[in-house]
Every structure is written in C-alpha cells, then in structure tokens.
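Structure record follows, encoded as structure tokens.
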Amino acid sequence: MEAAVWVIILPLLTAFFIGISKVYVKKIFVPLVISSAIIYLYLLILVINNSYPPNVYSVGAWRLIGINLMVDPFSGLFLLIIALLFLPVIIFSVKYIKSYKHEYFIFTYIMTAGIAGMVLTADLFNLYVFLEVSSLSSCALVALKKTNKGLEGAYKYLVMSTLGSFFILLATILTYYLTGTLNIAEISLEFNEIPFKIKSALMAFFVFGYVLKIGLIPLHFWLPDTYEDSPIPYNVLSSGLVMKSAVYALIKVLYIIFGIDFLDKSGLLQIGVFWGVITFIVAHLLAFQQSNLSRLLAYSSIAQIAYIMIGLFVGTEGGLIGGNFHILNHAIMKGTLFLVTAIFYYSLSAVNIEDIKGLAYKFPILSFTFVVASLAIVGLPPFNGFISKWLIVEAALESGFVYAAFFILVGTFLSLTYYLKVIITLYTKNDKEIVVEEPGLSLSLPTIFLGSLCIVFGVVPSLPLRLINKIPTFLLDNGEYIRVLLGG
Amino acid sequence: MNRINVISKKLYKIGLVVSLAIFLLFIFYDIHNLESNSKRYLSDHYISEGVQETGAINIVTSVLYDYRAFDTLGEATVLLTAAAILSFLVPITKDKMRGTPFTIIVSQTTQVFIPFLAILGMYLIFFGHLAPGGGFVGGVVIALIPILLTITYRVEFSEYKFKPDKKKVSEDIGAIGFVLIGLLGILTGSNFLANGQANVSLGDAGELISAGLIPYLNIMIGIKVGAGLAIIFNSLIKEK
Amino acid sequence: MQISYIAVIILFCLGIYTIISNKNIIKMVMGFTILESSLILLLILISYTPGGTAPILDRQYEIVVDPIPQALALTTIVIGGSVTAVMLAVTIKLYKRYRTLNVDKLRKLRG
Amino acid sequence: MIDLIFNMLMIFLLITAFFMVFTKDILTSVITLPIFGAILVVIFVILQAPGPAIAEAVIASGLTTFFFVITINKTEYEQNE
Numbered sequence: 000m001e002a003a004v005w006v007i008i009l010p011l012l013t014a015f016f017i018g019i020s021k022v023y024v025k026k027i028f029v030p031l032v033i034s035s036a037i038i039y040l041y042l043l044i045l046v047i048n049n050s051y052p053p054n055v056y057s058v059g060a061w062r063l064i065g066i067n068l069m070v071d072p073f074s075g076l077f078l079l080i081i082a083l084l085f086l087p088v089i090i091f092s093v094k095y096i097k098s099y100k101h102e103y104f105i106f107t108y109i110m111t112a113g114i115a116g117m118v119l120t121a122d123l124f125n126l127y128v129f130l131e132v133s134s135l136s137s138c139a140l141v142a143l144k145k146t147n148k149g150l151e152g153a154y155k156y157l158v159m160s161t162l163g164s165f166f167i168l169l170a171t172i173l174t175y176y177l178t179g180t181l182n183i184a185e186i187s188l189e190f191n192e193i194p195f196k197i198k199s200a201l202m203a204f205f206v207f208g209y210v211l212k213i214g215l216i217p218l219h220f221w222l223p224d225t226y227e228d229s230p231i232p233y234n235v236l237s238s239g240l241v242m243k244s245a246v247y248a249l250i251k252v253l254y255i256i257f258g259i260d261f262l263d264k265s266g267l268l269q270i271g272v273f274w275g276v277i278t279f280i281v282a283h284l285l286a287f288q289q290s291n292l293s294r295l296l297a298y299s300s301i302a303q304i305a306y307i308m309i310g311l312f313v314g315t316e317g318g319l320i321g322g323n324f325h326i327l328n329h330a331i332m333k334g335t336l337f338l339v340t341a342i343f344y345y346s347l348s349a350v351n352i353e354d355i356k357g358l359a360y361k362f363p364i365l366s367f368t369f370v371v372a373s374l375a376i377v378g379l380p381p382f383n384g385f386i387s388k389w390l391i392v393e394a395a396l397e398s399g400f401v402y403a404a405f406f407i408l409v410g411t412f413l414s415l416t417y418y419l420k421v422i423i424t425l426y427t428k429n430d431k432e433i434v435v436e437e438p439g440l441s442l443s444l445p446t447i448f449l450g451s452l453c454i455v456f457g458v459v460p461s462l463p464l465r466l467i468n469k470i471p472t473f474l475l476d477n478g479e480y481i482r483v484l485l486g487g
Numbered sequence: 000m001n002r003i004n005v006i007s008k009k010l011y012k013i014g015l016v017v018s019l020a021i022f023l024l025f026i027f028y029d030i031h032n033l034e035s036n037s038k039r040y041l042s043d044h045y046i047s048e049g050v051q052e053t054g055a056i057n058i059v060t061s062v063l064y065d066y067r068a069f070d071t072l073g074e075a076t077v078l079l080t081a082a083a084i085l086s087f088l089v090p091i092t093k094d095k096m097r098g099t100p101f102t103i104i105v106s107q108t109t110q111v112f113i114p115f116l117a118i119l120g121m122y123l124i125f126f127g128h129l130a131p132g133g134g135f136v137g138g139v140v141i142a143l144i145p146i147l148l149t150i151t152y153r154v155e156f157s158e159y160k161f162k163p164d165k166k167k168v169s170e171d172i173g174a175i176g177f178v179l180i181g182l183l184g185i186l187t188g189s190n191f192l193a194n195g196q197a198n199v200s201l202g203d204a205g206e207l208i209s210a211g212l213i214p215y216l217n218i219m220i221g222i223k224v225g226a227g228l229a230i231i232f233n234s235l236i237k238e239k
Numbered sequence: 000m001q002i003s004y005i006a007v008i009i010l011f012c013l014g015i016y017t018i019i020s021n022k023n024i025i026k027m028v029m030g031f032t033i034l035e036s037s038l039i040l041l042l043i044l045i046s047y048t049p050g051g052t053a054p055i056l057d058r059q060y061e062i063v064v065d066p067i068p069q070a071l072a073l074t075t076i077v078i079g080g081s082v083t084a085v086m087l088a089v090t091i092k093l094y095k096r097y098r099t100l101n102v103d104k105l106r107k108l109r110g
Numbered sequence: 000m001i002d003l004i005f006n007m008l009m010i011f012l013l014i015t016a017f018f019m020v021f022t023k024d025i026l027t028s029v030i031t032l033p034i035f036g037a038i039l040v041v042i043f044v045i046l047q048a049p050g051p052a053i054a055e056a057v058i059a060s061g062l063t064t065f066f067f068v069i070t071i072n073k074t075e076y077e078q079n080e
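Right, dumping it as structure tokens:
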C-alpha cells in the first residue's frame, strides 16, 4: 500500500525543505509547515482506514530479503495518535515558538518521521535506526531554549537514551548472530529452536534497553528534567508519542519475537505488572511534592505509562485492549494539560503552581478544559480516562493480579489529590491585578479540540474501540502476524 | 566516614560491572558453541545473487544502498539532525581556536594537500560500488578540506571560502536528492528506493557506470555528509 | 579466536564502568566511544568466516565473508560518531554555563 | 602466524583501553583514543572487512578524536590560565 512509505518520507522531505527555506525562500515557511501538516493528516487517515487487513509494503521491492513496512491495527492506533496530536501541536507552535522557529519545526518533523518509522517497520535493525533518529531529535528539542536546566536535561536524556540504545543494539546483534536474519517474522520462527537460557538473556537486554527509554521507577530520574525547561508543545509530543513509541517497540518485540507463551513461562508478565505497580505508586507520591507544573505533569506521565505497562503485561485480550485504549486516552489528556500549561506560560510565563492562582476568572474556557482533562486523567466516570482504566482493572482482576487492581484504585485517589491541589489554586480568588497577554485563537482552538476529544471518547468509546478491538488478534498469537508478513 | 562511603560506592559499581561481565561471558559461551547450524541463508543469497541483482561489485555497498537502503536514509537523517543541533547551539560571536600560531610550513603543506584530498574523496564516492568506501567515507574525506582550512587559516577564511548557508543548503539538497532518487523507484512503477528490482539499466558489473542508481545515491550521500560534517566542525570551533 | 569475544565483553563492561563511575564528563563520553567500538568489533567478529575473502566480488570466490554485519557496522559507526559529536557540543555548553566538568557538582547545582 | 598477530593485537587493544580509562590526565587519555582506533582498523583489515575499516579510520578514530581535542581546548585551557 503506497501511502505507508509516504507516512515516513513526507515529514523528512518537509524537514529538508524547511532547512532550505531558512536560507533562500524565507516567506514560504509558514504555509509550507501548515500545508504539509494537513497533507500528513490526510495521509495518516488513509493509512489508518485500510490498516485492518494488515498489508505489507516492502521497501525497494525486495520481498523478504529487504526491509518491510507493515501496517497492522497496533501501528494503526499509533498513527491515529500521531494524526490526533500532530496538527494541533503544529498549529499551536506556529504562534507559540518565537526563538529558533526553523530549528523547532525541523526537529519536530524529523522526530515524527522517526516515530512513524519505528511504528511501521518490521525489521529489527531498522527499528534501532529509527529509535536513534527519534531520540536524537527529541533530545535536540529539549535543548532548544538553551537555558541551564534545559541543556542539563538534554545531556541527561542523551546519555540515558544512548545507553539504552546500545543495549538494544547488543541484543539486535546477538539476534542476528543466532538467527541469520533481521526480519521480525523470520526471527520469531527461528527463535523456537533456541534454548531457554539464551532466549531469556536476550529478552533481558531488550527489556533493559527499552525500560531505560520508557523511564520506569529505578531508571526514571532523567525524565522530569527533560520536561522542565523544554518548549511545552514538545512536551505534548514527547509524553504522547516518544515515550509511547518505546512502549510500542517493547511490546512488538516481546509479543511477536518471543511470543506470549514464552513471556508467561519466563515470568516476565508477573515482573512487568509488579514493576508497573511500584512505578505508579512512587510516581504519584513524587508528583505530589512538585511545585513546577511541568515536573508535576512529567511524574504523572510516568504513572500513566505504568498503568499502560500493567495493561499490556497482563497478557490477556482484555488487558491489551485496555492498555492500548489508555495509550490513546493518555496521549489526548496529557496533550490537553500541556497545551493549557503552555498557554498559561505564553500569557504570563507562569511556571509554578502558585503563579496560576486565580487564572480561572481570566480564562474561563481554558480552565474548564484543564479541569476536564485532569478529571479525565484521574479516571472519573464520564470521561475517557475512566473507561480505559476500568478495562485495565477488569483485565487485571480477570487474570488474577488482584493486588494490581487494588493499587490502581489507590493510585486513582493519590492522583486525585495532587490534581485537586492544582485546580484549587486555579480557582482561588486572586486580588492582585495580573497583566495578561491574550492568547489568540490559534492557541486556544487546538486545546479546546483536544479537550473536547476527552469528552467525546468518554461518552462514545466505540469510536476508537472499533480499531482497538482488532489489535489483540495480531499481537496475542504471533502466528497471525507472521503469516501475513511472510505470506503477504 | 566519608572515605568508607566512597569506597563502598566504588565497590558497588565495580561489582555491578563484573557481574554483568560474567553474565555476558556465560551467554557468549552458550551462543558460541550453540551455533551448530549457522543459518546464513540471507547473506548467502546476497553473496550469490548480489552482483546480478544490484550490479554492484562491493556487496556491502549493495546491501547499504539497495537491499537495506531505508537504513541509510534513517542514518543520513541522524547525521542531518546532529549537524542541525550543532549549528543552532552556536552563539553568534565567533571564537577562534586557541593554540599556537602555525608557521608558513603548515599553511604551505595544506595548500599542497587539498587537491589530493579532493581526488581521494571523489574516488571514494564515485567508486563506492566497485571498491570499499562509499558515500559516507568519501563525504568525510571531502569534509576534511574545509576543516583543514579552518585549522590553518582561522574560521573566518574557511567561512569565506565555504559560506555556512551554502553548506546548509547543499546538505539539504543532498538529503532531498537521496529521497527523490528513492521516489524514482515509485515513478517507474516499483516500490520506494527500488534499484535492482525496478527495470533500471544495471550495466555490466565492474564498469564505472554500472549498478543502476547506486552511484547517484552515493554522490547524494557524499554531498550531504561532506557539508554536514563541515557544519559540525565549524560550529564546534565557533562555540565560545 | 576465543580471545576476541572475551575482549568484546571486557570492552563492553569497561565502557559501562567508565560511564557510571566517572566524575569528568569528557571521560564519560569516552566511555560511550569504547562501548560503541566494542559493539562494532562484535559485529565484525560475527561477520568473519575462517578462510573467507572480503565481500568485493570482482570474481567468484568460494568462501566469502558475511556482508550484512559489515553494512550494520558502517551504519553504527556513523550513528555513534554523530551522537558523540552532539554530546561533546552539549558538554562545551554546560562547561560555559556551570564552569565545571564535574558530574556530581552538576546534579547539586540544579537544586 | 596471522592468529598470533591477531591475538597480540587484541591484547594490545585491551591494554590501550584500560590505559585510556584509568589515566588521571584527560589529555593523555584523548591522545590514546586514535591509537585505540588505529588498532581497531588493523583488526578489521585482518578480519576481511575493508568497508568498516575505512569508516572506522576516518570517522571513529579520525573525526571523533578531533572533536575531543576541540572540547578539551575549549574547557581545559581556561582552567590552566
């Protein structure tokens, strides 16, 4: 299917043309950015629509000896997240970003191309290359504002993600040495003969490499620093996409190459759920003490990613559906929260929670969106967060992780406390007059669009669930995925 | 008290690394003697049909630029991102490389040296599919010319000879050229980056003009890497 | 040929030790270079078959060395080189801001 | 014969790596980096891998050492002055 390659090439071409437009044709910069984002949205919808019978696109027409791109419902979900988040963020940052405009858009487009490449490719080394592309460009975005904290966050992010990449590279090399091929389907076929000890060692390297990038508890300390001083629209893409593409790659490698029964036998499912439970408890507690708004949202992102890990590591069909639905919901909810924080920062450079005291009376609609998104992320009934969390709790109970279900409910109240703290400061009366720079329509429209999605997906969950219900068929038993990739 | 703390911290780290080493040793030992039926069907295919399918003598280049050309596209993007990061980290004020002022001998030899570097770089790029080398290595050798100028004649002269904007634009043109040659595959009805499969005239192997699109991909990557590394080097020098 | 695999393991763990335990940032980046070189050495060791010839097939050879890991090694060298360049650039900026190359001081300075 | 040279090179590689890591002065450890790279290039040539050998020689032991020297130039000199 032709559009699968265009999803990766179009952002790259736009990034290169922006590079040229910096020097020669200066004035076509904004129309180029907006038009390519709109074309990209149309392309993504085209690919998502025919993602159900998964189709394979082999780059260079080398059927199985070259690199193949595969569009299946799981990657279709991620393309849906890119489609939902990318256009609002681009429209938002055209007005929001003042310094280094050209570099910001070059890096955003290259990062999106890297994530789309990671999500679509069915080749292990290609997955590593696109992982490197997306993490290097997102590290550049962290350092964009060149403040002291920003540069330090970028340095920590670079060190940690390169260390993770080297472990993934070591595992890829050993997989090639054992199986002789790099195509994911052929590797999983060859992996059946490999003894248990070596297979679990390889799995350990993969898990360690990807967990370093996702940032579960013992390895999370670098993450909040990258959120502190980076341009806030980038935080939307980072927490919505960059961390999740590492989760995607981990799940694809584990479920397709190692297979669900090997995961169960080696006990990784129990470890994963346990690790997730610890992560979100500690993350919630840490989030409680934060005064900086971005750091608070960063810790809450770590907690939400832990919910997703629990959902995906439960290993049943319900768990997969719940986990994937929570990936979609978290991307939208966190996106809204970060966009509202960006508007507060844009209008009166508010960074800490105290600075946004009494802003509700100045921005009634935006504060309402903030309240909706934070209630959704906590998981209260009418909103989308509740449904996905409920699916995860149900799946955890079904497959016997009673302690995980119990702690998720405890975690809900923990997160309720620190979000309420923010909402209360938002709505407390503030006597002193605040000089406010009015955010234009181009800033508030994307925020309201994402905020309304919180409600729409909450009230009508069948809209995204139509796509998400098809995911487990190609993930749980990897035979289906392999048949399509090899047969084709 | 502090000394014990420092020693215990150091021992903890050494213990961690030694345990990782032992773990790796067992794994490598197992993998090495497990390797009974060394499955190399993919590389045997590349070796046996490589020359006919892609026309390139150097199988590594045919793997890099035809079988797995998508990797090279991703890798060229990594290089472009690194060049863009370094070019925007640089403050406006220039700072010359502090060091000993070079004597006349150095500046004379660089003038003699530059044509040889240019020829070597061109050779590595154009003969990428016949001899070891290729776009990346040739590009780096060509990037050595502005680097030598920067060292011997200060940054201003090198910037005067190779304008920074020109370098940025030539880097982007190289990248866009690579993608457009890939799109050529789509125009001729086959898939993206299709060289061997698309009915592109492969010429007979061993000639200079052979191997279909691989030489052009090599040239594009050569331009891109040359300009990119010149930007990387000059911005590292200029960082005050 | 066994020593080569042992050398790869030693270099890998040496690289990780340098990254973990060093105070100076430049030494830490040097640890990454060592780590990357050990992985490239592992790739080339995997590609070598005893008695094989280099993958330049100007005429038919009977045993040829495996070309795929060599292509992967080329890609890894370029990626590792550019990541090291970015790390060093950020190190210079950090040094200009904080006037110190000591990793621990940086963590405390952030406050 | 080749195996003897190969094993000796491997040992020499390890010695250079250990020396590079455990010297106190940064400048000497940066100087040993190209030696480390050069030995790797010879090992790659013995292992019949000309492509990565050139790339390693030019990029990994050539340019990366240059970047290290510039970084030291920018950071070390101020401390001495």
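Chains A, B, C and D, in that order, give the protein sequences. Under numbering that gives the first Met the number 0, the first residue of the first sequence carries the number 0, and numbering increases by one thereafter. Under numbering that gives the first Met the number 0, the first residue of the second sequence carries the number 0, and numbering increases by one thereafter. Under numbering that gives the first Met the number 0, the first residue of the third sequence carries the number 0, and numbering increases by one thereafter. Under numbering that gives the first Met the number 0, the first residue of the fourth sequence carries the number 0, and numbering increases by one thereafter. Every residue, glycine too, gets a C-beta built ideally from N, C-alpha and C.
Minimum Cβ-Cβ distance from residue i to chain C less than 7 Å
| i | result |
| --- | --- |
| Glu227 of chain A | no |
| Leu85 of chain D | Residue 85 of chain D falls outside the range modelled here, since chain D spans only 0 to 80, and no answer is possible. |
| Phe124 of chain A | yes |
| Asn147 of chain A | yes |
| Thr74 of chain D | yes |
Three-state secondary structure assigned by DSSP to residue i
| i | result |
| --- | --- |
| Ile38 of chain A | helix |
| Thr146 of chain A | coil |
| Asp65 of chain B | helix |
Residue-chain proximity (residue i, chain A), Cβ-Cβ < 7 Å
| i | result |
| --- | --- |
| Thr80 of chain B | yes |
| Val224 of chain B | no |
| Ile55 of chain C | no |
| Asn190 of chain B | yes |
Chain B contact for residue i (CB, 7 Å cutoff)
| i | result |
| --- | --- |
| Ile15 of chain C | yes |
| Gly266 of chain A | no |
| Ala16 of chain D | no |
Boundaries of the alpha helix (DSSP H) in which residue i is found, first to last residue
| i | result |
| --- | --- |
| Tyr97 of chain C | Pro66 to Tyr97 |
| Tyr4 of chain C | Gln1 to Ser20 |
| Leu182 of chain B | Pro163 to Leu186 |
| Leu240 of chain A | Looking at the DSSP string, Leu240 of chain A is not in any alpha helix (DSSP H), and its letter there is neither H nor E. |
Beta carbon proximity, residue i to chain D, threshold 7 Å
| i | result |
| --- | --- |
| Tyr159 of chain B | no |
| Tyr60 of chain C | no |
| Leu235 of chain B | yes |
| Ile18 of chain C | no |
Test item: CB-CB of residue i and residue j under 7 Å
| i | j | result |
| --- | --- | --- |
| Ile481 of chain A | Ala184 of chain A | yes |
| Ala16 of chain D | Gly36 of chain D | no |
| Tyr298 of chain A | Ala245 of chain A | no |
| Gly317 of chain A | Ala200 of chain A | no |
| Pro232 of chain A | Val88 of chain A | yes |
| Gly205 of chain B | Gly134 of chain B | no |
| Ile342 of chain A | Leu440 of chain A | no |
| Ile19 of chain A | Ala112 of chain A | no |
| Gln451 of chain A | Lys333 of chain A | The question names Gln, but residue 451 of chain A is Ser in the sequence shown. Going by C-beta atoms, Ser451 of chain A is not nearer than 7 Å to Lys333 of chain A. |
| Met117 of chain A | Leu123 of chain A | no |
| Phe204 of chain A | Ala153 of chain A | no |
| Ser561 of chain A | Glu479 of chain A | For chain A, the structure presents residues 0 to 487; residue 561 of chain A sits outside this window and is missing. |
Terminal residues of the beta strand (DSSP E) in which residue i lies
| i | result |
| --- | --- |
| Tyr56 of chain A | Asn54 to Val58 |
Open item on the list: What are the residues in the stretch 63-79 of chain C lying within 7 Å of chain B by C-beta distance?
Closed with: Taking 7 Å as the Cβ-Cβ cut-off against chain B, the residues of the stretch 63-79 of chain C that qualify are Val63, Asp65, Pro66, Ile67, Gln69, Ala70, Leu73, Thr74, Val77 and Ile78.
Task: Contact set between the stretch 84-100 of chain C and chain B, restricted to residues whose Cβ is under 8 Å from the partner - done: Within the stretch 84-100 of chain C, Ala84, Val85, Leu87, Ala88, Val89, Ile91, Lys92 and Lys95 place their CB atoms closer than 8 Å to a CB of chain B, listed in sequence order.
- [ ] May I ask you to list, following chain order, the residues of the stretch 11-28 of chain B that have a beta carbon less than 8 Å from some beta carbon of chain C?
- [x] Lys12, Ile13, Leu15, Val16, Val17, Leu19, Ala20, Leu23, Leu24 and Phe27
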